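*Asks:* Protein chains in written order, with our numbering: chain H, 1 to 407; chain F, 408 to 814; chain B, 815 to 1221; chain V, 1222 to 1628.
My questions all concern the structure below.
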């Protein structure tokens, strides 16, 4: 019988190395590794040597820089909707999972693998996001989720397994990390351990990607962001690729202490959890995108977008990126962005990302209309009387009823 | 025939004094003035002498401090929904109008008046908010809206009328103010003139209620806010009445440069306008309320609230406070707040109002559940497999169809 | 060690009798039976003797007529929202489950039971509805779901077990029924077997509760239904209790071939299934309730209700009756019904339930307003011009932009 | 100075003939007539001679059969959403107005006209629909709405004007019609006069397009409708153009007494009105479309569609067909229909249009999955346990809180 062939989402770190070995020993599997450079800020090439050391065949090692795809096809479409989960969270982790799942499935097809495997735990959202992605793209794929399957009952047992199997263990990994991290070009998240008590302030050292507002410069930085059809395309007049642009915004955000969020959120699996998120560039981008929409997007269109946004955000948070209803909402959102083009001026200062000016050849803002002085042909103040009276009509009828009934 | 008796929303300022006189001359009306102290930061008693000077009978002068009613019955109910219009605006002007309209109608009943009158212009939202309020409470009331009716075609003609009628004109009013202001305990708004070009940064001098983040202290301020059933009740352990509490938050916000917003928004009457809003206390309160909800409000409840919020915000913005659908939404919102009680710790620093801790006897956050370690009886990681597989089922069936169809 | 004590939802039929015995043998459990008369149209008292025969102690047998509670506290609240799932289904099965779950939990507390048990299969929605109900009311209750647990792999093995355990088997149960039924005072549902191919018409014999429209009388029946605060209270002027009223409507519906639905629906567990539903009284009630709302409910209120209805329906369908968001929506819905009182006249004829007249002391319909003739003081046709022009304003601005951009 | 040139929506009937003459006399206008054959069931060619008689130049007379455009670009897109207003109304009048408005504007451009004119009254929705259409397409167009402008205070004065101007008056028009009618290929509506009391049954004679269910044949008619991407394309296997197909469905509906609706609805202008609608083909089509969606549309997609439908319906009802948010919703809806193809079998019988079978190569219904018997590889009943437990988790935590708090 042919060996089971498994495509593993492999970071090169200790945990996924243990999984790699566990697949080889427990399943007698031929492991194919997929390591994505999502802009997490760590080299990905070392993963190659680690995989080789663990016996993965060179042709079974896939290492890819997917930053441009990530930003262009996942991050930017999401930002077109001004997406935040539970009013605040910019979905930095959620939006990366579908991309990884998609590439794993594509590689599985390419190499003829039977199964895919990820390193997410059994309590979190990421397992759902990975696996909904897998199933949506390849319905009969076999999914292996080690954290839900294996018998290791403690971190110690994992380390023992690693030692027994000659998996190199960084010194600081022997004792446990005081919190866990996920990172990509959009954000870093920290959770667990020292963050588990939501009444206790997050320690400064959990932050990976931003300096504290208090440590940020005393002078504001001003920038201009250009948008085309809802997506940012240039900073200070310099056209940049999606990933390069987000990288630049990240630097600007980091240096000005922008994008920190300490949040207790509701996981899809039913529990509340506390995370510390840093989304420096994304936080600037959200404010800027709202700024350019404020002058280029029709009011009715904006209100419709705002009303469906929470649902769109939940779909992404819950892992339904490839679900038909997410795609339907995307069609609606993208339709709205056709004229969301122009320039936003922003001030960055100690945690604040503030829109201070917006300009566009597609502007719907009409100074003539809004001015206190008379003189605009397109607005007759007397129209407001009729507008109000007809809007009031049903309220008046109801008030008349209330009077009649009270008698 | 009896004289027309009109209840005027009277600030004591130049514009409403002109209206007062105009009602007397144009309509030969007996004017009843209502001056509300909404916490706008100006003395209201001077309005009495001004009204008297303009010939209003003492028994026709109503001056009231409505700050507690304003905060308790209007501001706090609105904040229970984390209400923002178009993603950002805290609705400081919108929420005050229904209260004024309601008192005008009550006074009209008390004094037997036939009509009510306000000083809002014919291009803005406030005329709608006033008048929808009037009509919803007293369906057959006569509404006089001078700005839509009179023949004055310029500011100059207004001033001429004032002079001719011995209405005192403050020196600085002769030339026009560079922008117009509305203020109450929740916020100050500035708009018009120097703010009319949305590509140009708002000058520092338009700000009334906050110092600039750059001028705020270099050291953060930490405070604790106590909530009961969704409303704040104490700061740093000191119980405060609604208005006193908001006043205190305003001071804290002002001193830390918190709550400025420069926004281009969509008016109900169909045009875009640009406003600069300062909501120092409200900005802190919004963040704090989200903080206490994050541990005390069920996820499903929160998502429902978030999904109806934009509609609730539009209703308030558009002046439908007394509409049945606003009251229905309020019933939904209030129902959700029954256990939103506890304490939020916040850091205020140069424009940032950040939740750094939350605690509650009603917390739904369960450290045992969320911990990476095993040991919680209520969560079995294996359950996640079934959860995912059933959530994936429809996606898999669709993917199978896609394959079949592609063949 | 004390015996496990289990409260079983017991119909007295073969399947739940097998479960009863299985609990006794497999779990060595002391079984407490709960048999509810929900108006399913079968005697419930025989369940007592059957339970006794199977060794259940008399004090452990609970048989209750819950029809009034069912209609008053579950059916009517749901109908206040004009609730239909996926545009059509009146949720007859879904709405009964929470009541049964609630009573099981209450009995479990009363008798000191450790567990609850139901007879729903592992593929359907009912298991979810029962168990979400149990957990929402008693979070640490033990739930036993035999169909997901036991080893019987076929109907035959079940029958064998029944025979071996002296469970009486009705003759016609030996061979399998050609479809499965659920019934209560609101509806009967049929699914499975002969209905599994959705391209094939449902045979006439699956219908339990209605005659075919073709067999219904050739003369229409006219009735009047009185409503108070959203609930029906009388038929043809005769006040009736909730259950008696629904019973009467069921008779009227049955006799006129009203309330059949053949539907392919989406189950919460992810698959599509086909059911044939008969909701004779409910179908009349839905039309009548819409009728009384049409004259007594404000337009804004109605549109809000309509927009949240699909979510409310899904919550009930999915088993979230006791979830906070269902209760929030109920608060909103109930708030809207305060003046939904009056009388609706209906014609029942061969499958059609048609509103032919509505009348109410709380009517918002104003003949004066709507007439083509002039003469109503409250509507000035000229107001419409301003109303339209301001509603058009943003469209005009967008059209002006389109022209400018096209140049 | 050049004469005012006006494009009038001209039916050829008495009212629009009066308007034509009034435009010539009151405005001294050069009138251009546009007469559309929307399938209203009256000849349109006679309008040519009438216009000529009233002095309209031949080159200013536009008569067009727009039935195919109407059904293909307006009716079918709307039906993709299963659109009903206030739960019941199929929007037959609303959906025709944008098409007429669009053609008027196009003709105005072609002939160089300055203004457009319609014959809708000042109390209804149609004036809004026409004028929002005009303004959205040609922002600076001049709009003439005679019913809101002229001085005629009664029907009698209108008739006098007609007589004085040699406008031919059909005998039965001298006395007033007992109700007013609008018709097109989708529906006929009747309102006013004899229908103004909503407590009184609509007389049989108001119905234009359907026989009564009681007069319909005693034997059912069965038909098959084929759909492609959400639109019907064939009846009983015969491919038909959009208008031909709807015409055929209308005949089938008429003959079987299908599609009558007696409704009190909420107009956009704020009042309630009562209408009798007949939408024979549309009623069949709605049921059939739901039927084909039930097996081909994913559950999540369907629920999203259902949740936005009321908003989409209101937009159409209120006249916002050309608004950006309608177009955004259309993008969402159209996206969902990509695989809504297949065949629906229906039974038509005395007012009932019942789906009795559906079949599709794109079906998502899986008999294997849903069967009571084991044997489907893709569903493991044990998965349901985990699915339920994680869905219950937040409910359990809330219940634990309730217990703790109660102590």
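Here a beta-carbon is modelled for each residue, glycine too, at the ideal position from N, C-alpha and C.
Since this is a predicted model, take the numbers as computed values, not measurements.
Residues in the same chain with beta-carbon distance under 8 angstroms from residue 490 of chain F, minus the five sequence neighbours each way, listed in chain order, please.
*Replies:* 497, 498, 716, 719, 720 and 723
*Asks:* Return the chain-ordered list of same chain residues with a C-beta closer than 7 angstroms to the C-beta of residue 504 of chain F, the five sequence neighbours on each side being excluded.
*Replies:* 533, 536, 537, 540 and 726
*Asks:* With 9 angstroms set as the bound, which would you pick, yes or no: does the beta-carbon of residue 1137 of chain B sit closer than that to a beta-carbon of chain F?
*Replies:* yes
*Asks:* Using the Cα positions of residue 1341 of chain V and residue 1403 of chain V, report the straight-line distance between them to the nearest angstrom.
*Replies:* 11 angstroms
*Asks:* Can you tell me whether residue 252 of chain H is buried or exposed, with buried defined as 16 or more other CB within 10 angstroms of its CB?
*Replies:* Classification for residue 252 of chain H: buried.
*Asks:* Judging by CA-CA distance, which residue of F:546, F:465, F:577 and F:591 is the nearest neighbour of residue 398 of chain H?
*Replies:* A check of alpha carbon separations from residue 398 of chain H across F:546, F:465, F:577 and F:591 identifies F:546 as the nearest.
*Asks:* Following the continuous beta strand (DSSP E) through residue 1285 of chain V, name the residue where it begins and the one where it ends.
*Replies:* 1282 to 1286
*Asks:* In chain F, which residues lie less than 9 angstroms from residue 60 of chain H when you measure between Cβ atoms?
*Replies:* Near residue 60 of chain H there are no residues of chain F at all, since even the closest Cβ is about 25 angstroms away, more than 9 angstroms.
*Asks:* What does residue 1201 of chain B touch in chain H if you count any residue whose Cβ is under 7 angstroms from its own?
*Replies:* 386, 387 and 390
*Asks:* So, using beta-carbon positions, are residue 355 of chain H and residue 288 of chain H closer together than 9 angstroms?
*Replies:* yes
*Asks:* Report the neighbours of residue 1112 of chain B on chain F: residues whose CB is nearer than 8 angstroms to its CB, in chain order.
*Replies:* At a beta-carbon threshold of 8 angstroms, the residues of chain F lying near residue 1112 of chain B are 730, 731 and 732, ordered along the chain.
*Asks:* Please confirm if residue 1601 of chain V has its CB atom under 9 angstroms from at least one CB of chain F.
*Replies:* Cβ-Cβ to chain F under 9 angstroms: yes for residue 1601 of chain V.
*Asks:* Where does residue 896 of chain B fall in DSSP's three states?
*Replies:* Residue 896 of chain B: coil per DSSP, three-state reduction.
*Asks:* Who are the near neighbours of residue 457 of chain F in its chain, counting only those whose CB is closer than 8 angstroms to its CB and skipping five residues on each side?
*Replies:* If you ignore the 5 residues before and after residue 457 of chain F, its C-beta comes within less than 8 angstroms of the C-beta of 419, 424 and 575, all in its own chain and listed in chain order.
*Asks:* Can you check the segment 1247 to 1284 of chain V for any alpha helix (DSSP H) of at least 4 residues that lies completely inside it and give the ranges in chain order?
*Replies:* Qualifying alpha helix (DSSP H) stretches, in chain order: 1267 to 1274.
*Asks:* Can at least three beta-carbon pairs, one atom from the segment 815 to 822 of chain B and one from the segment 916 to 926 of chain B, be found at a separation below 8 angstroms?
*Replies:* yes
*Asks:* Just checking: is the beta-carbon of residue 1515 of chain V within a distance shorter than 9 angstroms of some beta-carbon in chain B?
*Replies:* yes
*Asks:* For residue 291 of chain H and residue 230 of chain H, what's the separation of their Cα atoms in angstroms?
*Replies:* 11 angstroms
*Asks:* Using a C-beta to C-beta distance shorter than 8 angstroms, which residues of chain V count as neighbours of residue 1027 of chain B?
*Replies:* Chain V residues near residue 1027 of chain B: 1570, 1571 and 1573.
*Asks:* My understanding is that residue 1071 of chain B touches residue 1033 of chain B, with C-beta atoms under 8 angstroms, so please give their C-beta distance in whole angstroms.
*Replies:* Between residue 1033 of chain B and residue 1071 of chain B the Cβ distance is about 13 angstroms, and since that is not below 8 angstroms, they are no contact.
*Asks:* Select from the segment 1575 to 1592 of chain V all residues with a C-beta closer than 8 angstroms to any C-beta belonging to chain F, and list them in chain order.
*Replies:* 1582, 1583, 1584, 1585, 1587 and 1590
*Asks:* List, in order along the chain, the chain B residues whose C-beta lies closer than 9 angstroms to that of residue 383 of chain H?
*Replies:* 1199, 1200, 1201, 1202, 1203, 1204 and 1207
*Asks:* Find out if the Cβ-Cβ distance for the pair residue 1448 of chain V, residue 1564 of chain V is shorter than 9 angstroms.
*Replies:* With respect to residue 1564 of chain V, residue 1448 of chain V sits close: the two C-beta atoms are nearer than 9 angstroms.
*Asks:* I'd like the span of the alpha helix (DSSP H) that includes residue 495 of chain F, first residue to last.
*Replies:* Run containing residue 495 of chain F: none; DSSP gives neither H nor E here.
*Asks:* Output the distance between the C-alpha atoms of residue 1196 of chain B and residue 1203 of chain B, rounded to the nearest integer angstrom.
*Replies:* Looking at the two C-alpha atoms, the distance is approximately 12 angstroms.
*Asks:* Does residue 804 of chain F have its Cβ less than 9 angstroms from a Cβ in chain V?
*Replies:* Chain V places a beta carbon closer than 9 angstroms to that of residue 804 of chain F, counting this residue as a contact.
*Asks:* At the level of alpha carbons, what is the spacing between residue 876 of chain B and residue 1624 of chain V?
*Replies:* 26 angstroms
*Asks:* Run through the DSSP bridge pairs and tell me what residue 1482 of chain V is partnered with.
*Replies:* For residue 1482 of chain V, which the question treats as bridged, DSSP gives the partners V:1498.
*Asks:* Using the three-state DSSP reduction, which class does residue 1429 of chain V fall into: helix, strand or coil?
*Replies:* Residue state for residue 1429 of chain V is assigned as coil, using DSSP reduced to three classes.
*Asks:* Give the range of the beta strand (DSSP E) segment to which residue 746 of chain F is assigned.
*Replies:* No beta strand (DSSP E) contains residue 746 of chain F, which DSSP labels as neither H nor E.
*Asks:* Have a look at H:387, H:336, H:59 and H:324 and flag the residue whose alpha-carbon is nearest the alpha-carbon of residue 803 of chain F.
*Replies:* H:324
*Asks:* Within 10 Å of its beta-carbon, does residue 881 of chain B have 16 or more other beta-carbons around it, so buried, or fewer, so exposed?
*Replies:* Residue 881 of chain B is buried by the Cβ-count criterion.
*Asks:* Quick one: Cα of residue 58 of chain H to Cα of residue 108 of chain H, how far?
*Replies:* 16 angstroms
*Asks:* What is the DSSP secondary structure of residue 532 of chain F, reduced to helix, strand or coil?
*Replies:* Correct three-state label for residue 532 of chain F: coil.
*Asks:* Taking just the CA atoms, how far does residue 1206 of chain B sit from residue 384 of chain H?
*Replies:* 12 angstroms
*Asks:* May I ask you to list the residues that DSSP assigns as paired with residue 219 of chain H?
*Replies:* Residue 219 of chain H pairs with nothing; no bridge assigned.
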